[in-house]
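Per our numbering, the very first residue in the sequence shown carries number 81; after that it's consecutive.
What follows is a set of notes on a single structure, which appears directly below.
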Amino acid sequence: MIRKIKPSDKPRVLEICSQIWEGDDYLPLVFDEWVEDNGVFAGLWENDILVGFGKLTYLTPTDVWLEGLRKDEKSGAKNVGEKLSKFYLDYLRGKKIDSVRFSTYFGNAASIKLNEKMGFRKILIQSLKTKIIEKHVGEISANLSQEIEYSQLKDYIEKSQYLKASKSNIYKGWVVHQYSDKLLREYYNKKNFVVWLENDCIQGCALWSDVHYNDVFWISLLEADNERIFQELLNYFFHLNNNSGKKEIEILVPTKLLLDFCNKNGFTSWEQENDFYLYELPKIVIDQITQS
Numbered sequence: 081m082i083r084k085i086k087p088s089d090k091p092r093v094l095e096i097c098s099q100i101w102e103g104d105d106y107l108p109l110v111f112d113e114w115v116e117d118n119g120v121f122a123g124l125w126e127n128d129i130l131v132g133f134g135k136l137t138y139l140t141p142t143d144v145w146l147e148g149l150r151k152d153e154k155s156g157a158k159n160v161g162e163k164l165s166k167f168y169l170d171y172l173r174g175k176k177i178d179s180v181r182f183s184t185y186f187g188n189a190a191s192i193k194l195n196e197k198m199g200f201r202k203i204l205i206q207s208l209k210t211k212i213i214e215k216h217v218g219e220i221s222a223n224l225s226q227e228i229e230y231s232q233l234k235d236y237i238e239k240s241q242y243l244k245a246s247k248s249n250i251y252k253g254w255v256v257h258q259y260s261d262k263l264l265r266e267y268y269n270k271k272n273f274v275v276w277l278e279n280d281c282i283q284g285c286a287l288w289s290d291v292h293y294n295d296v297f298w299i300s301l302l303e304a305d306n307e308r309i310f311q312e313l314l315n316y317f318f319h320l321n322n323n324s325g326k327k328e329i330e331i332l333v334p335t336k337l338l339l340d341f342c343n344k345n346g347f348t349s350w351e352q353e354n355d356f357y358l359y360e361l362p363k364i365v366i367d368q369i370t371q372s
């Protein structure tokens, strides 16, 4: 049986999550939010026991994101991911949908095999890089600023190599949003950005996101004309997080130049570079599902 997760299911969900990533799963932090939002947080029951669950999230009214797939490895249940994935695709029948996407780590071989069998295609590979946050002492460069017009920020972002190499995607953690004016305005209005100005000209920029990983400062976009500017932006991130309690900076890297900057300045990979995969269901398959 597959049905929506209820508040009363929380203890069992947390029990399953405790087996994942040495008990450091972010899902317990978002359980209440997921139960209440307009997506579909659903679980699979076998013999009246919850053995797995996943989440369908609407990033926009017509763009769907699949996330949070979890399984109780101790249950011995088979084909949990396949059953939940088919449930979500059936749910989309008759609805107007432009995209269905998800991301995964390169090592999730079973998930990759399953979803490719269902028609999903890999559309982007990135490198997840991480660095321990250091205590910053001293002044921040006067070239770093948030006092610019929105139009100036938008013009720089839309011409950036980062956005181009990311195929016009912006990353909020492992959730990938298609770039839009509305999305960029959210960063601007929240002051979740900084630029490097020389002679009133932007030569570097960063966007960051509030994500569910409590100890991570997540960079959603970073563009720097040279390594010196990259290092100044990095110092700014340290400065922002002096008292935040966050432990690491994480960023998805799409370009060789930025990858070189990261590697020269102490960023590392979990296991290898090119470890983040973005998958998408082809539009022709979506139309076959939604119109049937």
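The C-beta atom is built at its ideal place from N, Cα and C for all residues, glycine as well.
In the structure shown, residue 177 falls within a coil segment according to DSSP collapsed to helix, strand and coil.
With contact defined as three or more Cβ pairs closer than 8 Å, the stretch 172-191 and the stretch 305-321 are not in contact.
Annotation: the stretch 300-366 contains the following complete segments of the beta strand (DSSP E) (minimum length 3 residues), in chain order: 328-333, 356-360.
Restricting attention to alpha helix (DSSP H) runs no shorter than 4 residues, the stretch 188-272 encloses them at 189-197, 230-238, 241-245, 261-270, ordered along the chain. Across the structure, residue 354 and residue 207 are spaced so that their CA atoms are roughly 4 Å apart.
The continuous alpha helix (DSSP H) containing residue 163 extends over residues 160-171.
For residue 152, the CB contacts under 6 Å within the same chain, skipping 5 residues up- and downstream, are 96, 131 in chain order. The DSSP-derived three-state label of residue 85 is coil. Going by DSSP, residue 147 is part of no alpha helix (DSSP H) but of the beta strand (DSSP E) stretching over 143-151. Beta-bridge partners of residue 126 (DSSP): 129. In the displayed model, residue 291 falls within coil according to three-state DSSP, outside both helix and strand.
Taking C-beta atoms as the reference points, residue 289 and residue 298 count as a pair closer than 7 Å.
The alpha-carbon of residue 170 is positioned some 19 Å away from that of residue 139. Bridge partners of residue 282 according to DSSP: 277.
For residue 96, the enclosing alpha helix (DSSP H) covers residues 90-97. The beta carbon of residue 295 sits closer than 6 Å to those of 326, 327, all from its chain and outside the five residues before and after it, given in chain order. Note: residue 185 is bridge-paired with 356 in the DSSP secondary-structure output. Between the stretch 326-346 and the stretch 302-309 there are three or more inter-stretch CB-CB distances shorter than 8 Å, so the stretches are counted as touching. In the three-state DSSP reduction, residue 103 falls in the helix class (H, G or I). The distance from the Cβ of residue 361 to that of residue 115 is about 25 Å, inconsistent with a contact at the 8 Å cut-off. Straight across, the Cα-Cα distance linking residue 221 with residue 142 is about 42 Å. Straight-line measurement puts the Cα of residue 256 at about 29 Å from the Cα of residue 125. Restricting attention to 199, 164, 268, the CA atom closest to the CA of residue 229 is found in 268. Inclusion of residue 106 and residue 136 in the CB contact set at 7 Å is not warranted, their separation being larger than that value. Annotated as distal: residue 203 and residue 338, with beta-carbon spacing of 7 Å or more.
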